[in-house]
Amino acid sequence: MRLDGTVALVTGASSGIGAAASVSLARQGAAVAVVARRRERLDELAARIRGDGGDVLVIEADITQEAQAVEAVERTASELGRIDTLVNNAGVMLLGPAAGAPMTEWQRMVEINVLGLLYCAHAALPYLLKAAGAGPRHVADMVNVSSVAGRVPRSGSSVYNLTKHGVGAFSEALRQEVGQKHVRISLVEPGAVETELAGHNRPEVLETIRARFGGIERMQPEDIADAITYIVTRPRHVAVNELLIRPTEQE
Ligand code: NDP
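For the sequence shown, the tail end lands on 1045 under the working numbering, and the numbers increase by one without skipping.
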């Protein structure tokens, strides 16, 4: 199924997986609201999508602020007319041993990976339910981007594990609630993807990450965008609940 006539909102669209997913969904015909804090990056992305013939709405927002997350959803619905697809992708990964870790890093992960996602999910659900009842496809999608870290806890990523396991649990419970109303809730769990994500870590942690993944061919954001696009283009009776995607060489 193509996405012509539908509207998608992608959080964390200013780089990495979110930017690639926005391009991919727009190519399938969706009008895409691109949400993040870095306005210039969003404007560049919007120019690229428009250059492809796509329809895009730039929304500068910090989704850890509930009012901004809600406004991003409301603007998408009012300016683009509806919401058929929500891609909850914005996130941070701050790794390292728990003992002595800066509390601010834990707070940032909970605020973005959990609370930011919840603010967007809560605000968008009524629109997704409406789109599933009366949209061009009579089905709507929420795609939550978790991680291999949402399946497999590892020493050195305890709080990231906590946030992504939470995303997985929330997604499965919500799936059971809204599936019969034709809102599909899907979970995407990537392994190592070449993006800006690791770059927010402290230098000593970055070294550990480089040592672990430096020798393998990581995935590209487009690989995960493909998975997201696959999920939301399934026929109405098919729900892809979960996709775990690792680079071939990743343990
Ligand atoms: P990037 O760092 O490239 O992208 C993260 C995005 O999140 C950016 O667009 C950033 O935009 C946005 N973001 C961060 N904080 C906020 C905020 N407060 N409000 C709005 N947007 C915010 O990393 P990835 O593309 O790799 O990450 C995307 C998702 O994929 C994350 O959830 C991550 O956990 C997950 N993931 C990534 C993996 C990888 O190896 N790269 C592996 C497994 C999962 P801005 O700074 O402009 O606000």
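Glycine included, each C-beta is placed from N, C-alpha and C at the ideal position.
All figures in this text were calculated on a predicted structure; none of them were measured in a lab.
Excluding its 5 nearest sequence neighbours in each direction, T989 has C-beta neighbours in its own chain below 8 Å: S809, G810, I811, P1015, listed in chain order.
Not one heavy atom of ligand 1 sits closer than 7 Å to the Cβ of N1035.
Within the same chain, Cβ atoms closer than 6 Å to the Cβ of A802 are found at L819, A824, V826, T879, the five residues on either side in sequence being excluded.
The C-beta distance from G890 to V999 rounds to 4 Å, short enough to fall under 8 Å. Spatial neighbours of A871 in its own chain (CB-CB distance under 7 Å, excluding positions within 5 residues in sequence) are listed in chain order as I877, Y921. Distance check between E899 and each of R1028, Y954, S949 places Y954 closest, using alpha-carbon atoms only. Straight across, the Cα-Cα distance linking E1001 with G799 is about 46 Å.
Within the same chain, M795, R796, L797, Q822 come within 8 Å of T1027 by CB-CB distance, once the 5 residues on both sides are set aside. G875 and P896 have their C-alpha atoms some 42 Å from each other. Under the three-state reduction of DSSP output, S980 falls in the strand class. Looking only at A917, N907, E1043, L919, the smallest Cα-Cα distance to R1006 is reached by E1043. Assignment of E854 by DSSP, reduced to helix, strand and coil, places it in the strand class. E1036: member of the beta strand (DSSP E) spanning 1036-1039, first to last residue.
Counting along the chain, M903 sits inside the alpha helix (DSSP H) bounded by residues 897-903. Here G1009 is exposed. Its C-beta has fewer than 16 other C-beta atoms within 10 Å.
Per DSSP, reduced to three states, the secondary structure at N882 is strand. Fully contained in the segment 908-980 are the following beta strand (DSSP E) runs of length 3 or more, in chain order: 934-939.
As the crow flies, the alpha-carbon of G960 is around 25 Å from that of R1012. Closest in alpha carbon position to N882, among G848, G962, D846, E1045, is G962.
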